[in-house]
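>
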Amino acid sequence: MSTVTGVYPVFNNVFKLGADKTSAKTVADMESFSIAIDGNVEEWTPMEQEGWKRRLKTGCGITISLKGKRNVGDTGNDFAAGLAYKTGQESEAYFEWVMPDGTTIAMENAVVNVTAGGGDSINVEPLEFSVMSNGKPNITTTGE
């Protein structure tokens, strides 16, 4: 994917999932995603700040949630769905997010939590899952 400037459609983001980097594939039929960044912030109020708080971000975590449809036969979709009933290290996977500007966030041992399936008889089966950082991800920005 080439890098883009300016505004862009959300579908220009690419997500890959697999047992490792070499086997990671895009997950077909994903319709939306959301990101939650969890920062750990320590606060203190020293006297010389005259009642104003000081803060320092001391930790960070990221959760990327994807929602779409179950597509049996697609390698990435099958891999994600197959993690639904795994626990411990068996629920870990390689995850990669390539943003439209070329920035890549790669997580070697991300925790994958499948959160939804099912539906009405006239619905298409959903597949929803969250990918949570498990240690520091490898973040590569454009120009690196």
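Per our numbering: the sequence shown = residues -1 to 142. Glycine included, every Cβ here is placed at the ideal spot set by N, Cα and C.
Does DSSP put E48 in a helix, in a strand, or in coil?
Here residue 48 is taken as the residue at index 50 of the sequence shown, counted from 1. Coil, per DSSP.
> Reducing DSSP to helix, strand and coil, say where K19 ends up.
The residue given as residue 19 occupies position 21 in the sequence shown. If DSSP states are grouped into helix, strand and coil, K19 belongs with the helices.
> Please classify L64 as buried or exposed, where buried requires at least 16 other C-beta atoms within 10 Å of its C-beta.
Here residue 64 refers to the residue found at position 66 of the sequence shown. It counts as buried.
> Which ranges does the alpha helix (DSSP H) cover as unbroken runs of at least 4 residues, wholly within the segment 58 to 119, from first to last along the chain?
Those alpha helix (DSSP H) runs which fall completely within the segment 58 to 119 and span 4+ residues are 73 to 80.
> What's the gap between the Cα of I120 and the Cα of R68?
One-based indexing of the sequence shown puts residue 120 at position 122. One-based indexing of the sequence shown puts residue 68 at position 70. Going by the C-alpha atoms only, they are around 14 Å apart.
> Give the DSSP bridge partners of D27, in chain order.
Here residue 27 refers to the residue found at position 29 of the sequence shown. BP columns for D27 are empty, so no partner.
> Once you ignore the five residues that flank L54 on each side, which residues in its own chain have a CB closer than 6 Å to its CB?
Along the sequence shown, one-based indexing puts residue 54 at 56. Only E40 meet the Cβ criterion.
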